[in-house]
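> Protein chains in written order, with this note's numbering: chain D, 287 to 747; chain A, 287 to 747; chain W, 287 to 747; chain Z, 287 to 747.
Number of protein chains: 4
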Amino acid sequence: MPKKAQPWSGRFAQPVDEQVRRFTASVAFDQRLAKQDIAASLAHARMLAARGILARRDLKAIEQGLAKIGKEIAAGRFAWSVDAEDVHLNIEKRLTALAGEAGKRLHTARSRNDQVATDLRLWLREEIDALLKQLVGLERALLAQAAKHAALLMPGFTHLQVAQPVTFGHHLLAYFEMFERDRERFLQSRKRTNCLPLGAAALAGTSFPIDRERVARELGFEALCHNSLDAVSDRDFAIEFCAAASLVMIHLSRLCEELVLWANPRFGFVHLPEGYCTGSSIMPQKRNPDVPELVRGKSGRVFGSLVALLALMKAQPLAYNRDNQEDKQPLFDAVDTVRDCVSVMTGLVAGLRPVPAAMRAAVLEGHATATDLADYLVRKGVAFRDAHEVVARAVREAERRGVDLAALPLAKLRTFAKEIGPDVKRVLSPQGSLDSRSHPGGTAPAAVREAIARARKRLAQ
Amino acid sequence: MPKKAQPWSGRFAQPVDEQVRRFTASVAFDQRLAKQDIAASLAHARMLAARGILARRDLKAIEQGLAKIGKEIAAGRFAWSVDAEDVHLNIEKRLTALAGEAGKRLHTARSRNDQVATDLRLWLREEIDALLKQLVGLERALLAQAAKHAALLMPGFTHLQVAQPVTFGHHLLAYFEMFERDRERFLQSRKRTNCLPLGAAALAGTSFPIDRERVARELGFEALCHNSLDAVSDRDFAIEFCAAASLVMIHLSRLCEELVLWANPRFGFVHLPEGYCTGSSIMPQKRNPDVPELVRGKSGRVFGSLVALLALMKAQPLAYNRDNQEDKQPLFDAVDTVRDCVSVMTGLVAGLRPVPAAMRAAVLEGHATATDLADYLVRKGVAFRDAHEVVARAVREAERRGVDLAALPLAKLRTFAKEIGPDVKRVLSPQGSLDSRSHPGGTAPAAVREAIARARKRLAQ
Amino acid sequence: MPKKAQPWSGRFAQPVDEQVRRFTASVAFDQRLAKQDIAASLAHARMLAARGILARRDLKAIEQGLAKIGKEIAAGRFAWSVDAEDVHLNIEKRLTALAGEAGKRLHTARSRNDQVATDLRLWLREEIDALLKQLVGLERALLAQAAKHAALLMPGFTHLQVAQPVTFGHHLLAYFEMFERDRERFLQSRKRTNCLPLGAAALAGTSFPIDRERVARELGFEALCHNSLDAVSDRDFAIEFCAAASLVMIHLSRLCEELVLWANPRFGFVHLPEGYCTGSSIMPQKRNPDVPELVRGKSGRVFGSLVALLALMKAQPLAYNRDNQEDKQPLFDAVDTVRDCVSVMTGLVAGLRPVPAAMRAAVLEGHATATDLADYLVRKGVAFRDAHEVVARAVREAERRGVDLAALPLAKLRTFAKEIGPDVKRVLSPQGSLDSRSHPGGTAPAAVREAIARARKRLAQ
Amino acid sequence: MPKKAQPWSGRFAQPVDEQVRRFTASVAFDQRLAKQDIAASLAHARMLAARGILARRDLKAIEQGLAKIGKEIAAGRFAWSVDAEDVHLNIEKRLTALAGEAGKRLHTARSRNDQVATDLRLWLREEIDALLKQLVGLERALLAQAAKHAALLMPGFTHLQVAQPVTFGHHLLAYFEMFERDRERFLQSRKRTNCLPLGAAALAGTSFPIDRERVARELGFEALCHNSLDAVSDRDFAIEFCAAASLVMIHLSRLCEELVLWANPRFGFVHLPEGYCTGSSIMPQKRNPDVPELVRGKSGRVFGSLVALLALMKAQPLAYNRDNQEDKQPLFDAVDTVRDCVSVMTGLVAGLRPVPAAMRAAVLEGHATATDLADYLVRKGVAFRDAHEVVARAVREAERRGVDLAALPLAKLRTFAKEIGPDVKRVLSPQGSLDSRSHPGGTAPAAVREAIARARKRLAQ
């Protein structure tokens, strides 16, 4: 056999251009899949041996070689080489150096096309599992704060205008709901990720009598990819991850937007834990909500990864095209970003300290119980639209006087609607407003506590 | 009561600017939700009556009024008005004209915030159901073609270079797998869509003793939105739909890319049904694959809707903000686009006529059985990497002679590896190559037929 | 000649499928190009006549026919037909009905490929011109407000924390700079839009002795598209427009975010004109900043159009493919959205009324002159990093006392740095801080007024 | 002075959380701006000294310190530290170690907000210049090939169907036009990038009597940022770069799509240089067009960066927010990607070898001169629409016979239109078709050569 540069270069008269070598090499980033590549190679080799395609002694040599390589990589002693292109050929080359002929037999009945798809699915499955745990951690932090502040009065906003009283606990539970949907999405997309491509070989399957179920079992895959062409060309799982991650980032960025607002001195609704803020290189007085700002900023990045992968896959003919090498960096970045953000936000949420006085002051300046007054009138028999109109006029009067609606004297209120009696006072109080919203999903402290109990049960499942 | 322009304008001293009125009105597009708006209003009114919040005679008036309005809309006789802003107020205004006081009582215990979220979820649920049926139709068309052509030889491509023989049926089944994943995603996102926001009112719930479960039951919702703030601000379901629709479009655009290629005269692999092609206004000889081109082009549009919604929701503080009015047009466009494309592609797939001779000719020019020769050598004891090298040199020789690898004489082949014997001929034939890939997911006609049988069972569930 | 359904259908044995006819027809949206289509046809016909390719009497018939058609369309009396596919064939068909044989001669030496590219460029050029005027209007509104409030003290924020005093005029001028960049971008992309594709015909040019310069001159194009293949396949101008429009939307959405914040009662920095706000269907007290919210929400939509077009054009082989029909709706929507938003924001900006007391109160709570104190120390010889440290400790003391830094007694201040003397008071006052920033680009009222004068000169050019 | 962890931490009672420290640090990626940071600091220090704000001996110490730091960084000996957060503080910290007190004075009259904006603009300006040179290189490669093959017949496609004959040179010139537009866009956006933010300090300018023009001159900026708030918050230049880069990637991906098609054996239109192809790890016969595939795949990545930055900037209130730290990685990645792709494609284009026989064979199978026949009939007096119809029927006859239109006997042709005479033969020949399209922008070899001459002049400017 003549010496050659690449395992595939036997047919080529000229070597690869040096710039091209660097341009096409992926080892700088796909070495991240090394652990999965070794695991998949082991399962593949054991199946080949079980099927009599690989000799027992070759299997042994491969097992020993891969074990050694795994250790070298873990210890940072593995000599990655751009000349060997990617993680797969780097490992195979080293294996052949360690295990001789046996190493050359490992690639029987597979191709890099099904190999990389397998590695990537294994890797993503593990990342999803880790992320799911982190999401639970964030949800627990939210529930702990919600439980502590289930009855803490704060203004609920719509259009960033004071709308109605809510409790801080109720507000935090809205985020719990969002992250629950996120978890459900990841669990479902994990299942679609956890299918075995190996056996598809380049695109058509292989002429060897392989046992795909055995490989799937050993690697913990729940199903086989059912069609070989689809197995090597499908990247739905990567796109689906980025879409689900984009939703997590939207939820986080909404929370962060609120934290930035609440940390503004005009609001002053919360103290962020000081360890999560930084100062200014020029303005000595600053205490900046850097973490929420950065998380908010990072959401765009995950959207970008999603768009990159959508554009990547659009209109690719079957089966594998080299374009697909570009699937990794966007996916890696999305995974890193969402995991880092969920993790840092967990600590931030756990350390939040609300400022009840500031929240109450805001409630009392916003005519927050105007709807309650309208509802009161409805209960007295006024049609809702007419009640709405009455209250609107009362609010104008309160504004004219520069006071909150609740501070208008009863006599004045009665000039707008004779149905108003002394019992209106409870209705106009924030506490009365809160307590009355006691149906499922409402903001009454009792309803919030029930929601927390239900939420804890969901997490415990 | 003084006359006023809007149900909410009691507090305002000045009328809305005319340009602003047009800028903020949504009735031009949200009237599409009229049917759902009426259904949700009916369920709401019945619940109010059951709870004693609404008089029985008012309910009756509302029922009669809404029934009449439904008929007016269906008949195109409803006078939509920009002055009434949106679908909700248009209907309520007409209802008050028809039902008097009762109409003014309908909005008790709800807000447009939970109302529009309810309408949109109802609407999307119906669209998902329709789309799911269309996807099954497309899958059946693919399976019918695959069954007919389970054994039809065609070249499998990687890098758009001839790689290995596959069958046309096997190739089509790759798309079946994709659309199966799509269906699963829509089914799962349908469940998250099918939750009831009503009862959240503006953002905090309501002070009336409502019965949310009853409303959910009547409208066919599987669950309640558990948190009122989340209920009015959540648009995950719209984003999730667009993400899942983007994947459908990727799958369709891949198929379309292939159809455009195959319809090119150099390939000539298929005849598109003539009713799906158009000609040229200048070049009389053209028969253009317009439908696949348009579908491919439309994929970007669905990505665009997804991006629009991601950007829309990023960093919005809770709860409802007017930004959210911008959720509808991107979602509507994504729904229309994906449904139209799936529908038109069903007819196109059903009408495809493959050209076996052209496919076979392409196979025979591409050294498509080179891998089979390498596998053969492995079975003779050569290590895979060495076998790969041997075959690469044989291919170079075939190229030098201008023939397919399979056409090299045995004697010549043996100069590359003495292990090669006369039994190699079956291995080098496309048919032998196909038949040997008989494991699950492989392209052997037998495996393809099994896959079709399994696929039919899946659809029948 | 046998009867046929389409001008291109002579070669076809079967009619177009009914669903396909609807799926591929573009007349529902491209009729928007009718005026441009007629103008381009006129210029084309006159050139053909000047070159002797078209008889004078045919030209006359075409001119009369097109004039009539133009009037029919303007009056809404033109019978658009889906069967005639698009705006071009609809007009040509009607022309042939009106002008007989002459109508059939109009399409000589052109194709729909160069025709639609020409129409679209003409249309976009006009829209850019209109948008440029609107941007100037918005800029004038900003300058008028800036001039009125050049010296009005307000807090400048970084990280949404009070940073340093600025003036409201200075703040508004930041937006002037953004819109100036936008104008420049549109002017430059207008030039690239304003090139003539006609003459490229289907893709290769035409065998007739056409005079492209003449057509360009008549239609006001500044240059010819220099390559026929590029002429029919290029959509850079549409993408470029959407990219520039996305930047406008970012600038508007930043302004809108600030307006929403400022309209919040905790800030209370501005009164939005009441005609630009709306109320709530349930909460009678609300006065919502709907217009800024909607504009902010619409920004995502323009990003979506940009993404749609990028995905559309990616990896299309030359020259024209039917995918390109999908260029119009995203572009139309981007144009409409950006024009509507700029227009409505002009009125909103003109009607803004700042609330000086609220702005001043916010300044005085934020240690806004801390940097000034540090700078003061530097001027007294302290190294900046040490001065920064000194001031940070003084701020902590002020926070401990619950007062603004400027309110600390001189004696106390001197405990942090002996360099501090009585002259520090001017430095700690917001007015002193403002006045000291008098370099170009600074916030001193004098600098702001100079900037306004310069800005007005730029607009006058 | 007490010891402290960060230059800004004087006000803080607690240290930054360890996870937060890592999460917020940017030095891992922004160290790429070190050269620019040093250059800007030098210019700033010299200006401070010229204005008497900094002592001469301090300037000297700073100059020496920064020179040393520059060498340390270039030599890879600089000890970057995550604790010092970013490139700016790392360098300042080291400078203070080297230059003592003087180092602490460098940050006078500036902030990291204007500093990072300055660094990034300087860096991007240099990258744009390098990219512009690379684009010229690619254009020269295209022109060289176009000149060589100005008359080489190939099929022009629309809808990927053979449309009309063009020349390979003409086809390549279409890409020249695209890259010319790209260059123009970069040149224009370079000008908007090349403005000086320094002097804006944190957001409001500074109280020191700085000389911004001097700094601008020293750093080669063409203008000042005119408004301090805009100066620190503007990232238009980064978005604009990514938008222009996305267009480059679209142009490259279109070329790559064609190269992949042409390299397919059914087309066989070009040989890619072997050094730009790679083989398969399993299929020994493969010669894959990896470089075009990868470039095509990388286009999505640049779109992703663009989307990331659009989402990042949307709805950020003024002035600087920490979100903006997320501007760098998408921009860096876009710059690297587009530069690598342009560079590798230059070599690929230079090495292309067209296969004239394959191109000609494709022309002769596609009725490519059908339009010429229609034009011929028009010149004989037939109306274009009728001529089109005649030819369509002739094409159907040719298809029935399985020959190209040009191969129909004259007698047969005359049965479709009596106007057809023996002179039709030249019209039906590809060469005749080419030669007749001699107007500017047409594909006649003479027109192509003129276009090349004009193109060379443009590059020489």
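Beta carbons are placed, not taken as given, at the ideal position from N, Cα and C, and that holds for glycine.
Grab the span of the beta strand (DSSP E) containing Z:A668 for me, first residue to last.
In the sequence as presented, Ala is not what sits at residue 668 of chain Z; that position holds Val. First-last for Z:V668: undefined, no H or E at that position.
> May I have the straight-line CA-CA distance separating D:F618 from D:L592, to the nearest angstrom?
Roughly 11 Å separates the two Cα atoms.
> Under DSSP, the beta strand (DSSP E) around W:A549 begins and ends at which residues?
No beta strand (DSSP E) holds W:A549; the alpha helix (DSSP H) holding it covers D522 to A549.
> Spatial neighbours of Z:D400 within its chain, please: C-beta separation below 7 Å, excluding the five flanking residues on both sides.
Cβ within range, chain order: P483, L484, G485, A486, A487, A517 and V518.
> Taking all protein chains shown into account, do 16 or more other C-beta atoms lie within 10 angstroms of the C-beta of A:A460, making it buried, or fewer, making it exposed?
The residue in question, A:A460, is buried, as its Cβ has 16 or more Cβ neighbours within 10 Å.
> Is there at least one Cβ from chain W nearer than 9 Å to A:F472's Cβ?
Answer no: the Cβ-Cβ gap between A:F472 and chain W never drops below 9 Å.
> Does the CB of W:P575 have a neighbour CB from chain D at under 9 Å?
Judged by the 9 Å Cβ criterion, W:P575 is in contact with chain D.
> Beta-carbon within less than 7 Å of W:A326's beta-carbon, same chain only, minus the 5 sequence neighbours each way: which residues are those?
Hits under 7 Å: Q401, T404, D405, L408, L484 and L505.
> Should A:G565 be flagged as near chain Z, meaning a C-beta pair shorter than 9 Å?
Yes, A:G565 counts as interfacial toward chain Z.
> Scan the segment 484-499 of chain D for residues whose Cβ lies nearer than 9 Å to a Cβ of chain A and list them as they occur along the chain.
So the list reads G485, A486, A487, A488, L489, A490, G491, T492, S493, F494, P495, I496, D497, R498 and E499, given in the order they occur along the chain.
> Please decide whether W:A426 counts as near chain A, where near means a Cβ-Cβ distance under 9 Å.
The sequence given here has Arg at residue 426 of chain W, not Ala. So no, W:R426 is outside the interface.
> Mind pulling the chain A residues with CB within less than 7 Å of D:A669?
By Cβ distance, chain A contributes E387, K390 and R391.
> Starting from A:K600, find everything on chain D with Cβ-Cβ shorter than 7 Å and list it in chain order.
Those are I536, S539 and S585, listed as they occur along chain D.
> Determine whether the Cβ of W:N607 lies closer than 9 Å to any Cβ atom of chain A.
With 9 Å as the cut-off, W:N607 counts as an interface residue toward chain A.
> For chain A, is any of its Cβ atoms less than 9 Å away from the one on W:G362?
No, because no Cβ of chain A sits closer than 9 Å to the Cβ of W:G362.
> DSSP three-state call for D:P301: helix, strand or coil?
Correct three-state label for D:P301: coil.
> Once the 5 residues before and after Z:V668 are set aside, which same chain residues still bring their CB inside 8 Å of it?
Cβ neighbours of Z:V668 beyond the five flanking positions: V676, A703 and E705.
> Would the segment 540-555 of chain A and the segment 593-606 of chain D be scored as touching if the rule is three or more Cβ pairs under 8 Å?
Taking 8 Å as the limit for Cβ pairs, the verdict is that the segment 593-606 of chain D does touch the segment 540-555 of chain A.
> Kindly confirm or deny that the segment 627-643 of chain D and the segment 297-315 of chain Z touch, where touching means at least three C-beta pairs closer than 8 Å.
In short, these stretches touch, since the Cβ pair count reaches three.
> Could you name the residues of chain Z that W:R450 contacts, counting a contact when the two beta carbons are closer than 7 Å?
The amino acid occupying residue 450 of chain W in the given sequence is Gln; Arg does not appear at that position. Result: A488, L489 and A490.
> I need the DSSP call for D:Q747, collapsed to helix, strand or coil.
Coil, per DSSP.
> List the endpoints of the continuous beta strand (DSSP E) containing W:M569.
Element bounds for W:M569: n/a, residue is neither H nor E.
> Quick check: what's the CA-CA separation for D:A347 versus D:R380?
Going from the Cα of D:A347 to the Cα of D:R380 covers about 13 Å.
> In or out: W:K584 buried (at least 16 other Cβ within 10 Å) or exposed?
W:K584 should be labelled buried.
> How big is the Cα-Cα spacing for W:A682 and D:K434?
The sequence shown places Arg at residue 682 of chain W, rather than the Ala named in the question. Taking the straight line from one Cα to the other gives about 29 Å.
> Whose Cβ in chain A lies nearer than 9 Å to the Cβ of W:S629?
The answer, in chain order, is Q305 and F309.
> Can you list, in chain order, the residues of its chain whose CB lies under 7 Å from that of W:L421, leaving out five sequence neighbours each side?
If we look at W:L421 and ignore the five residues flanking it on each side, its Cβ neighbours are F465, D468, R469 and V628.
> Below 8 Å on the Cβ atoms is my contact criterion, and I expect D:A416 with D:R625 to pass it. Report the Cβ-Cβ distance as a whole number of Å.
The pair is a contact, with the Cβ atoms about 7 Å apart (cut-off 8 Å).
> Output needed for D:L558: all residues of its chain with C-beta closer than 6 Å, excluding positions within five of it in sequence on either side, in chain order.
The answer, listed in chain order, is A549 and P575.
> For chain A, check one thing: does any of its Cβ atoms lie closer than 9 Å to the Cβ of Z:P288?
Low local confidence applies: a pLDDT of 37 at Z:P288 is under 50, so the model's placement there is unreliable, with the coordinate-based value given in what follows. No - not a single Cβ of chain A is within 9 Å of the one on Z:P288.
> Just to confirm my understanding: we take A:L428, look at its own chain, exclude 5 residues before and 5 after, and list those with CB closer than 7 Å. What are they?
Once the five neighbours on either side are set aside, the close Cβ partners of A:L428 are L458, Y461, F462 and V635.
> Are the C-beta of Z:D613 and some C-beta of chain W separated by less than 9 Å?
Not an interface residue.
> Mind pulling the chain W residues with CB within less than 8 Å of Z:N399?
Neighbours of Z:N399 on chain W, chain order: T444.
> For Z:C563, which of Z:A730, Z:V577 and Z:R552 has the nearest alpha-carbon?
It is Z:V577 whose Cα lies nearest to the Cα of Z:C563.
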